[in-house]
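In order, the protein sequence lines correspond to chains W, X and H.
Letter by letter, the first sequence follows residues 27 to 510 of the numbering used here.
Letter by letter, the second sequence follows residues 4 to 477 of the numbering used here.
Letter by letter, the third sequence follows residues 2 to 101 of the numbering used here.
Heads up, the beta-carbon is just placed ideally off N, CA and C, and yes, glycines get one too.
Right, one structure below, let's go through it.
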Amino acid sequence: MSAGEKLDNGLPDGWELVVGLEVHVELATTTKLFSASPNRFGDEPNTNIDPVTLGLPGALPVLNEQAVELAMRIGLALNCRVQPCTFHRKNYFYPDLPKAYQISQYDQPLNVDGHLMLPGNVRIDVERAHLEEDTGKSTHFGGASGRIHGSEYSLIDFNRAGVPLVEIVSRPDIRTPDQARQYVNELRAILVAIGASDAKMEEGSMRCDANVSVRRYGDPLGTRCEIKNVNSVRSLGRAIEYEARRQVDILETGGAIRQETRHWDDADGRTHTLRTKEDADDYRYFLEPDLVPLAPDAAWVERVRAALPVLPADRRAALAALTGADVEGEAVSVVVERGQENYVRAVVDAGGEAARALVWVQQSFADEGDSPRLPAGDLAALTVMEREGKLTATQAKTVLGDMLARGGGDPRTIAASRGFEALDTSAIAQFVEDAIAAQPDAWAKYCAGEEKAAGAIVGSIMKASKGKADGKVVTILLQKRRGS
Amino acid sequence: MAEFPTVSSIAADVAAGRTTARDVLDAHLARIDAREGEVHAFNLVMRERAMAVATEVDARVRRGENPGRLAGVPIALKDNMCTRGVETTCSSRILEGWKPPYDATTVQKLAAEGAVFVGKTNLDEFAMGSSTENSAFGPTRNPLDTSRVPGGSSGGSAAAVAAGFAAGSLGSDTGGSIRQPAALCGLVGVKPTYGLVSRYGLVAFASSLDQIGPFTHTVEDAAILTEVIAGHDPLDSTSIPQPAPDLVGALGAGVKGLRIGRVADLPEGADPDVLARLDAALEALARAGATIIDVTLPSLSFALTAYYLIAPAEASSNLARYDGVRYGRRVAAGDINTMYADTREAGFGDEVKRRIMLGTYALSAGYYDAYYGKALKVRRLIADDFARAYAKADVILTPTSPSVAFRFGSKTDDPLAMYLCDIFTIPTNLAGHPAMSVPFGIGQDNMPVGVQVLAPTLGEATMFRVAAELERAV
Amino acid sequence: MSQRLTAADVAKVARLARLNVSPEEVERYTRQLDGMLDHFADIDNLDLARIEPMTQPYPLVNVLRADVERPCLDRDEVLAAAPAAEDGRFRVPPSGGSGG
């Protein structure tokens, strides 16, 4: 990212936005990171606990092999280097932390030095992706709005305590709120594609904290604030925008940014002080003596790498190449996200028209899942009819609707039964002449430059042709006739 | 001491039907009834449960089923080992009344062999101490002389065996807490190689130093109990992936040709009577055919410092979970931080608080490198010293305790004075090696003296071999 | 006697460890801990620059467990041992914000 590149960051002229994201992801394992109790969402409180989860006296952690496997998948999918690593204790007191320390990774994490690509060939470096255990869940009662301040008591459920997390830390390479959103979306797509997590921000299986600072272009990095409690991709963008402006306002009026953790309130659209650096605990990190080092051998790393599926970015590139569509466009993005690109390829292999196939799948296959029921050959035949001019786009849409409803069918038969046939261009040209003759005033206005005046003419052509005239062809003929 | 039946004889007699587990238990309970009031070895006598288990052992024998290697043997357990449904207090107010919902692995192993648990024994609170004077429930008295301490922290487990309340007991050893009480009470006490015995269910004091081991009257009994509790446990990540070693079989091998290390630069502090017994032990082994070799362990003088930075640091983290949230004592308060502080103030004794603060300080930002970080390096120096010594010697002999059992209150004014009790035992915990104390005669005031046999990692067979020879020679 | 540890240090450490200490205790612990640190200064002059810290007594690596469920604790038994419980959960007084 070159300094001085002025992007649309929502800030006043001369100000650069600098954002790093810390994303915590719950891994899709059967059991927890260090305990063999179930890793399940939604069960009755405190039913998925054992001595290790509860931090009972005498309990000891044992590392879950599948959690390591999934953590390596994440690292490799993000182009990280997998390295020998160790676990540390992060010591602090909080009621949802059963041992009063969290087992995490400190100076030797599992995955380091990766990156993720955003649209526009923007590269965001990933500093590390390490393993750590989740805390329990507190619910606060008695206060005004269920918020923690002013509550009378809290109830703790330890089902979530010990669930395996991977914390993915980006370098502060993000420069606009949009890039932040793209980063999270792309990260999510990758996590789902590799089966590491279902990564749902609404359910808490993916959580995002943003480190936000601002500076004038060319200056060294400014003081950053950490923003917590961002629960959706949309909120992430809003929170970053608000916080960046807050900081710019302070700096422009001669103030200084206090380094602190701030809480995003989605309802009032602002960030608020949660705790300052002075309040912060000294975590007294030291190597976890109840665990031993983790050094996945080269064979294991290679097995994980070889088993990685094709990642979303590569799938989008392939679909774009196949169909000629824009790799960063919505059609490609949506179809890949739904996992339907193989279907599009099947349609092409059956002789279908790639670009049309992509459009139809994007528009009409939202509910079809990654294995659409409609035989690829049937959709292929439909796109061929369109290419041969035998159906208008509107007619094709109707025929496709019939095919989907029946789970298949020969588009030629369906079109015929509906009495569809596209008119050829010379037939359409006749309808055009008749309409111009019948509406001289509208034609005059259209020739004078009033595009809207064509509406009446087109309408009468469609009526006279019983909808068999292809609207696009009509428009082209009118323009040619006008000489424009 | 020889008047009490041994683990091996009881197990053999019960399995053969020569006596019943109930009769054995009754005899031990009678001794408990007679002297427990004076000795206070136990936090809890498990009378009803013991009777039920003994009855079941007898039923198995009658049915012709294998009743286990420890059939009917009365065993006491240090009260920092989790016993399901039975109070486990660590002699602390903060866990008073707490009943674990699970058993420690070593407890399960003993139970599976037919052991009869007679009770949970007293200890220095959270295993921090060398005299059992730090127990929140009152001290334990040395059964050999009740004006003296039994040692610590496993004072109750030592006293229980010394007084005949149990034929064997389990303690835990972090800096000497099995070996030193064994020496002070005239017993055999073993700290196995770190990782040989599972720590699952042992309430942690210092995770990289703690090990569970037995107290017995004889070396053979200690070998039997060590074999039963040793072996890989998948629930403990630091557990050595090997089965239990054969120790009983090694006992009769004698010491001909073995090289016994004598520490030429032994740290000062041992009383003359203790040193005299050590010399006698070395002479006895020489007479039995061993060669005595001088070794030096120059870093030993820094072992106390390294230990008293590492152990409290790990302890400060291990004891943070006692916060009144999920189990144990809670002092109610209007906000969580007050609740934490009030609960821990009411729940922890003085020594525990002191060590938590020392440990927290040693880990804190700005001080880690100077204290904890440095101590880990000193640890490496000590391990390296031992490695060089074990290239020349098969085992090393030292005193176990610098003195015989001392009187109550004689070391409680200055914490440092108490810490010096462990100068000879601490180094092996730092290195992770095994060591055991064997009674070898009498010292000052007619009190027993123990001699410590040290061996390299997984050198238990050689260690027991030498111990058996000392037992024969005393 | 050098002062390695001050009363302010002790108070700060007590707060980190969530231990109440009375003024009398602060004074006593400061004295005792300072004395200990004085004694422990014997390692200050050792040349440890090239020495690797020893963090494991026995060199194990890659101790892993299969991702298979084992039985959980009975919730009623666990909550019965809890100082305060309500609605299947552990009850605590309010905290002043989120943790680490």
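Chain order gives no chain H residues near Leu217 (chain W), where near means a beta carbon separation below 8 Å; the closest approach is about 18 Å. Residue state for Asp10 (chain H) is assigned as helix, using DSSP reduced to three classes. The region 294 to 307 of chain X makes no contact with the region 110 to 127 of chain X, as fewer than three CB pairs between them are under 8 Å.
Judged by DSSP in its simplified three-state form, Thr22 (chain X) adopts coil rather than helix or strand. The alpha-carbon separation between Pro24 (chain H) and Tyr311 (chain W) amounts to approximately 29 Å. Close to Pro83 (chain W), with beta-carbon spacing below 7 Å, lies no residue of chain H; the smallest spacing is near 12 Å. Rounded to whole angstroms, the gap between the alpha carbons of Val62 (chain H) and Asn147 (chain W) is 40 Å. Sequence-distant Cβ neighbours of Ile440 (chain W) in its own chain, meaning closer than 7 Å and more than five residues away, are Val425, Asp428, Met429. The C-beta separation of Thr109 (chain X) from Leu173 (chain X) comes to about 6 Å, placing the pair in contact by the 8 Å criterion.
If you check each beta-carbon in the region 289 to 320 of chain W against every beta-carbon of chain X, the ones closer than 9 Å belong to Asp308, Tyr309, Arg310, Tyr311, Phe312, Leu313, Glu314, Pro315, Asp316, Leu317, Val318. Per DSSP, the continuous alpha helix (DSSP H) segment holding Thr465 (chain X) begins and ends at 463 to 476.
Distance from the CA of Thr7 (chain H) to the CA of Thr219 (chain X), rounded to the nearest whole angstrom, comes to 46 Å. Within chain X, the residues Ser240 have their CB atoms less than 8 Å from the CB of Leu89 (chain W), given in chain order. For secondary structure counted as the beta strand (DSSP E) over 3 or more consecutive residues, the region 75 to 119 of chain X holds these complete runs in sequence order: 77 to 81. At least one C-beta of chain W is nearer than 9 Å to the C-beta of Arg90 (chain H). For Val330 (chain W), the closest C-alpha among the options W:Glu48, W:Arg107, W:Ala464 is that of W:Arg107.
Distances from the CA of Val222 (chain X) to each of X:Ser11, X:Val60, X:Gln447, X:Ala55 were compared; the closest alpha carbon is that of X:Ser11. The region 154 to 170 of chain X makes contact with the region 79 to 93 of chain X; the number of CB pairs closer than 8 Å reaches 3 or more.
Closest in C-alpha terms to Ala455 (chain W), from the list W:Leu313, W:Ser491, W:Asp467, W:Gly101, comes W:Ser491.
Annotation: Leu405 (chain W) to Val373 (chain W) spans about 7 Å, alpha carbon to alpha carbon. Interface residue (Cβ-Cβ distance to chain X less than 9 Å): Pro77 (chain W) is classified as such.
When X:Pro248, X:Ala19, X:Gly159, X:Asp236 are compared, the shortest CA-CA separation from Glu230 (chain X) is found for X:Pro248.
When the five nearest sequence neighbours on each side are left out, the beta carbons in the same chain lying within less than 6 Å of the beta carbon of Phe45 (chain X) are those of Gly122, Thr124, in order along the chain.
Distances from the alpha-carbon of Met143 (chain W) to those of W:Leu104, W:Ser177, W:Arg399, W:Thr161 put W:Leu104 closest.
At a cut-off of 9 Å between beta carbons, Pro24 (chain H) makes no contact with chain W.
For Gly216 (chain X), the number of other beta carbons within 10 angstroms of its own is at least 16, and it is reported as buried. By DSSP's assignment, Thr287 (chain W) forms a beta bridge with W:Glu252, W:Arg301. Counting every other CB atom within 10 Å of its CB across the protein chains shown gives Arg413 (chain W) a total below 16, marking it as exposed. In this structure, the straight-line span from the alpha carbon of Ala471 (chain X) to that of Ala225 (chain X) is close to 10 Å. Assigned with DSSP and collapsed to three states, Thr58 (chain X) falls in helix.
For Leu187 (chain X) against Pro142 (chain X), the beta-carbon gap comes to about 13 Å, at or over 8 Å, which does not count as contact. Following the DSSP letters along the chain, one finds Arg432 (chain W) inside the alpha helix (DSSP H) bounded by residues 419 to 432. Of the candidates W:Glu367, W:Pro121, W:His50, W:Pro121 places its Cα closest to the Cα of Arg90 (chain H). The residues Glu136, in chain order, have a CB closer than 8 Å to that of Gly412 (chain X) in the same chain once the five nearest residues on each side in sequence are set aside.
DSSP lists W:Val49, W:Ala155 as the beta-bridge partner residues of Ile194 (chain W). Note: Arg265 (chain X) is bridge-paired with X:Asp297, X:Leu400 in the DSSP secondary-structure output.
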